[in-house]
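A.B. asks: Dropping a structure here in structure tokens format, bear with me for questions.
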Amino acid sequence: MLRRRVIPCLDVADGRVVKGTRFVDLVDEGDPPELAERYAAEGADELVFLDITAAPEGRGTLLDIVERTARRAFIPLTVGGGVRGVRDMRDVLRAGADKVSLNTAAVADPTLISACAGRFGRQAVVVAIDARRRATGGGWEVVVRGGREGTELDAVGWAQRTVELGAGELLVTSIDRDGTRSGFDTDLLRAITSRVEVPVIASGGAAGPDDFVRAVVNGGADAVLAASIFHRRIHSIAAVKEAMFAAGLPVRRVPEAAA
Amino acid sequence: MTARVRSPRIAVVDYGAGNLVSIDQALTSVGASVVIARDPTEIDDADALLVPGVGAAGPAMERLARHGLVDPIRDWIGAGRPYLGICLGLQLLFEGSDEDGATTLGVIPGRTVVLADAPTLPHIGWNQVERLRPHHMFAGIEPDADFYFVHSYAGAPAGPDAGAVTLANTTHGGTFVSAIARDNVIGVQFHPERSGRDGLRLLANVVDLVRTGGLTATPAATVAI
Chain A
4 MLRRRVIPCL DVADGRVVKG TRFVDLVDEG DPPELAERYA AEGADELVFL
54 DITAAPEGRG TLLDIVERTA RRAFIPLTVG GGVRGVRDMR DVLRAGADKV
104 SLNTAAVADP TLISACAGRF GRQAVVVAID ARRRATGGGW EVVVRGGREG
154 TELDAVGWAQ RTVELGAGEL LVTSIDRDGT RSGFDTDLLR AITSRVEVPV
204 IASGGAAGPD DFVRAVVNGG ADAVLAASIF HRRIHSIAAV KEAMFAAGLP
254 VRRVPEAAA
Chain B
277 MTARVRSPRI AVVDYGAGNL VSIDQALTSV GASVVIARDP TEIDDADALL
327 VPGVGAAGPA MERLARHGLV DPIRDWIGAG RPYLGICLGL QLLFEGSDED
377 GATTLGVIPG RTVVLADAPT LPHIGWNQVE RLRPHHMFAG IEPDADFYFV
427 HSYAGAPAGP DAGAVTLANT THGGTFVSAI ARDNVIGVQF HPERSGRDGL
477 RLLANVVDLV RTGGLTATPA ATVAI
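Residue numbers (this note's numbering), protein chains in the order written: chain A, 4 to 262; chain B, 277 to 501.
Now the structure itself:
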């Protein structure tokens, strides 16, 4: 049976892992490949790198980090941030990424999704959707540029559209919950997972192991992503998986040396 | 580490299908010497051929053809030399793919078909591989070990030898064939290079087989259909 995945997310700026509340007050957290190797040994099922520099001059650094990581951590790696075309995607894949995540660029030009899926297959295309609950009228709005800019797009409708265009997986972040440690927005997750057949990764709001269970059980997520609770060692990947296992969810065993 | 007489040379076919870094690193770390091959002359003196790849069969066959690699790969397999297909590299062994109607290598009878009754597609993540018979590829790996998958289609062996070709099954809604083995040809639908310690063990076992001649067949044993 397919396992529910636990995915640490590493925000990378100028070649270092950073932490901070959504792009501000960044604190250096270490060397990306080193952290990636540590998470792989601790039982991470996959890794996500989010390049938050995304400035043109930072691309070479990012590709170098992707390659060094792929040579140290033998688990899948998704890279997001700054991919604006098929050529960018090719470079990131050739450096050792397995999947690429598209966000702002896909909103600006949805045909980017079909172009990338046509060239590399839909399994390599993750569309990241940042969503904010509407103050009035219900539903969620897609936001871009790290949550700073609204788009008027309905998040559920956009999710369905990206799948029609060729998205093979969705990374759904609740901007309301991100960094707040108040739990995942399971209503948002359920609204999307009930309407698409591709796997959905839940993101934004993880506080403890029970939140991971709820993202899967109530939200229908296939995978759950978190950053700060792992970076700050508030909870281990093993503890999260233990809670998921206790709740009857299929999880991959943590390698013995780390358990 | 034990001393090795000689590192088997494994040619990894590069036809523009994405990430080769992890395959290169994984094979190197288990004692193989890796050659990234872009044209037929680069595979000639290898001890084994590895065809990786993800995505659809049609564009992959076109790129192989553009690099002049279709017949050399068929000839390689027909000559009884060791072949490992990973993901698309397994699917290409069959006669054709339902994904885009492409005609593929036709080395193993059967077609590549969409995963039946899958609750989510693509099938992305770690899943179990239920072995139907022993094979050295899985030596020392726990029966319930998980491997990483990322695909929507899988090869379905057909004909009188289908059972003999099938090595392992995996269930995601329906059940599909996740590993095959026939003489000098082995193929896995999952990604050992992305499957942590168990994946590295599997690749080490394959390298062992190449080194000891366990994946070499007499040309007559492998009759193309």
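For every residue, glycine included, the Cβ atom is placed at its ideal position computed from N, Cα and C.
None of the values given here were measured: they were computed from a predicted structure.
1. At the 9 angstroms Cβ level, is H318(B) part of the contact set with chain A, yes or no?
2. Starting from the Cα of T107(A), find the closest Cα among E172(A), D94(A), R122(A), T154(A) and give me that residue.
3. On the CB-based measure, 16 or more other CB atoms within 10 Å of its CB, does R263(A) come out buried or exposed?
4. Taking three-plus beta-carbon pairs below 8 angstroms as touching, is the region 5 to 23 of chain A in contact with the region 216 to 232 of chain A?
5. With DSSP as the reference, label P358(B) as helix, strand or coil.
6. Report, in whole angstroms, the separation of the C-beta atoms of S298(B) and R470(B), which I expect to be a contact under 8 angstroms.
7. Is it right to say A440(B) is buried, meaning 16 or more other beta carbons lie within 10 angstroms of its own, or is it exposed?
8. Which residues of chain A have a Cβ atom closer than 7 angstroms to the Cβ of Q301(B), listed in chain order?
9. For T165(A), which three-state DSSP category applies?
10. Enumerate in chain order the residues of its own chain whose CB-to-CB distance from R180(A) is below 8 angstroms, with the five nearest sequence positions on each side excluded.
11. Using a Cβ-based criterion (distance less than 8 angstroms to any ligand heavy atom), does L252(A) qualify as near the ligand NAP?
12. Which residues, in chain order, does the region 422 to 437 of chain B contribute to contact with chain A at a C-beta distance below 9 angstroms?
13. Leaving out five residues on either side along the sequence, give the residues of the same chain with a beta carbon under 6 angstroms from the beta carbon of M277(B).
14. Put I429(B) into one of helix, strand or coil per three-state DSSP.
15. On the DSSP bridge assignment, give the partners of W352(B) in chain order.
16. By Cβ distance, which residues of its chain are closer than 6 angstroms to A332(B), with the 5 residues on each side in sequence left out?
17. Secondary structure at H448(B), three-state DSSP: helix, strand or coil?
18. In chain order, what residues of the same chain have a beta carbon less than 7 angstroms from the beta carbon of V243(A), not counting five sequence neighbours either side?
19. What does G475(B) touch in chain A if you count any residue whose Cβ is under 8 angstroms from its own?
20. When DSSP labels each residue in this structure, what does A218(A) get in the three-state scheme?
21. Distance cutoff 9 angstroms, beta carbons only. Does R193(A) sit that close to anything in chain B?
22. For Y424(B), which beta-bridge partners are listed by DSSP?
23. Kindly say whether L485(B), judged by its beta-carbon, lies nearer than 9 angstroms to any beta-carbon of chain A.
24. Please report the distance separating the alpha-carbon of F466(B) from that of R256(A).
25. For A98(A), go through chain B and note every residue whose CB falls closer than 7 angstroms to its CB, in chain order.
26. Taking the alpha-carbon positions, what's the R477(B) to Q301(B) distance?
27. Could you round the C-beta distance between A287(B) and L325(B) to whole angstroms and report it? I think they count as a contact, below 8 angstroms.
28. For L397(B), name the three-state secondary structure that DSSP assigns.
29. Could you work out which residue in P358(B), P468(B), L368(B) is closest to N460(B) when comparing CA atoms only?
30. If A313(B) sits next to V289(B), beta carbons under 8 angstroms apart, how far is it from one beta carbon to the other, in whole angstroms?
31. Roughly how many whole angstroms lie between the Cα atoms of T488(B) and A322(B)?
32. Ordered along the chain, which non-local residues of its own chain (more than five positions away) have a Cβ less than 6 angstroms from that of A455(B)?
33. Can you check which of these residues, R74(A), V130(A), A249(A), is closest to V86(A) by C-alpha distance?
34. Assign D31(A) to buried or exposed, taking buried as 16 or more other Cβ atoms, counted over all protein chains shown, within 10 Å of its Cβ.
35. Should T72(A) be labelled buried (16 or more other beta-carbon atoms within 10 Å of its own) or exposed?
C.D. replies: Answer, in terms of the structure:
1. The count along the second sequence starts at 1 and reaches residue 318(B) at position 42. The displayed chain sequence assigns Glu, not His, to residue 318(B). Judged by the 9 angstroms Cβ criterion, E318(B) is not in contact with chain A.
2. On the first sequence, position 104 is the one that residue 107(A) refers to. Looking at the Cα atoms, T154(A) is the closest of the given residues.
3. There is simply no residue 263(A) to check, as chain A begins at 4 and stops at 262 in what is shown.
4. With a cut-off of 8 angstroms, the region 216 to 232 of chain A and the region 5 to 23 of chain A count as touching, because enough Cβ pairs lie within range.
5. Reading the second sequence from its first residue, position 82 is the one you call residue 358(B). Here P358(B) sits in coil by DSSP.
6. On the second sequence, position 22 is the one that residue 298(B) refers to. On the second sequence, position 194 is the one that residue 470(B) refers to. Between S298(B) and R470(B) a beta carbon distance of about 6 angstroms is seen, short of the 8 angstroms cut, so the two are scored as contacting.
7. Along the second sequence, read from residue 1 onward, the residue named residue 440(B) stands at position 164. Counting C-beta atoms within 10 angstroms of its own C-beta, A440(B) has fewer than 16 neighbours from the protein chains shown and is therefore classed as exposed.
8. For the purposes of this step, residue 301(B) is taken as the residue at position 25 of the second sequence. Simply A73, R74.
9. Position 162 of the first sequence holds residue 165(A). Three-state result, T165(A): helix.
10. The count along the first sequence starts at 1 and reaches residue 180(A) at position 177. Answer for R180(A): G186, F187, D188, G207, G208, listed in chain order.
11. Ligands are entirely absent from the displayed structure, and the ligand NAP is therefore not among its contents.
12. The residues in question are D422, Y424, F425, V426, H427, S428.
13. Sequence index remark: in the second sequence, residue 277(B) carries index 1 (1-based). Summary for M277(B): the model assigns pLDDT 49, below 50, so the residue's position carries little reliability, and this model does not support an answer.
14. In the second sequence, counting from the first residue as 1, residue 429(B) sits at position 153. Looking at the sequence provided, one finds Tyr at residue 429(B) rather than Ile. Annotated three-state conformation of Y429(B) is strand, per DSSP.
15. As a working note, residue 352(B) is residue 76 in the second sequence. Within the DSSP secondary-structure output, W352(B) pairs in no beta bridge.
16. Against the second sequence, residue 332(B) aligns to sequence position 56. Within the same chain, E375, D376 come within 6 angstroms of A332(B) by CB-CB distance, once the 5 residues on both sides are set aside.
17. Against the second sequence, residue 448(B) aligns to sequence position 172. In the three-state reduction of the DSSP assignment, H448(B) falls in the strand class, which pools E and B.
18. Position 240 of the first sequence holds residue 243(A). Sequence-distant partners of V243(A) (beyond 5 residues in either direction) whose C-beta falls short of 7 angstroms from its own C-beta, in its chain, are V9, P212, F215.
19. Taking the first residue of the second sequence as 1, we reach residue 475(B) at position 199. Residues of chain A passing the Cβ test: F77.
20. For the purposes of this step, residue 218(A) is identified with residue 215 of the first sequence, where counting begins at 1. If DSSP states are grouped into helix, strand and coil, A218(A) belongs with the helices.
21. One-based indexing of the first sequence puts residue 193(A) at position 190. No, no contact with chain B.
22. If you number the second sequence from 1, residue 424(B) lands on position 148. Answer is W402(B).
23. On the second sequence, position 209 is the one that residue 485(B) refers to. No - not a single Cβ of chain A is within 9 angstroms of the one on L485(B).
24. Start at 1 with the first residue of the second sequence, and residue 466(B) comes out as number 190. Start at 1 with the first residue of the first sequence, and residue 256(A) comes out as number 253. F466(B) and R256(A): Cα-Cα distance of roughly 17 angstroms.
25. Locating residue 98(A) in the first sequence gives position 95, where the first residue counts as 1. For A98(A), the C-beta contacts it makes with chain B under 7 angstroms involve V297, in order along the chain.
26. The residue labelled residue 477(B) in the question sits at position 201 within the second sequence. The residue labelled residue 301(B) in the question sits at position 25 within the second sequence. Whole-angstrom Cα-Cα distance: 14 angstroms.
27. Within the second sequence, numbered from 1, the residue matching residue 287(B) stands at position 11. Within the second sequence, numbered from 1, the residue matching residue 325(B) stands at position 49. About 5 angstroms separates the two Cβ atoms, so the contact holds.
28. Position 121 of the second sequence, counted from the first residue, corresponds to residue 397(B). DSSP, read as helix, strand or coil, puts L397(B) in coil.
29. Within the second sequence, the letter at position 184 stands for residue 460(B). Comparing Cα positions, the closest option is P358(B).
30. Along the second sequence, one-based indexing puts residue 313(B) at 37. Along the second sequence, one-based indexing puts residue 289(B) at 13. That belief holds up - the Cβ atoms of A313(B) and V289(B) are roughly 5 angstroms apart, short of 8 angstroms.
31. As a first step, residue 488(B) is located in the second sequence; it is residue number 212 there, counting from the start. As a first step, residue 322(B) is located in the second sequence; it is residue number 46 there, counting from the start. Their Cα atoms are separated by approximately 15 angstroms.
32. On the second sequence, residue 455(B) is found 179 positions in, with the first residue counted as 1. The beta carbon of A455(B) lies closer than 6 angstroms to those of L443, A444, V464 in the same chain, with the five residues before and after it left out.
33. Position 83 of the first sequence, counting from 1, holds the residue named residue 86(A). The shortest Cα separation from V86(A) among R74(A), V130(A), A249(A) belongs to V130(A).
34. Mapped onto the first sequence, residue 31(A) falls at position 28. The residue is exposed, with fewer than 16 neighbouring Cβ atoms inside 10 Å.
35. Sequence index remark: in the first sequence, residue 72(A) carries index 69 (1-based). It counts as buried.
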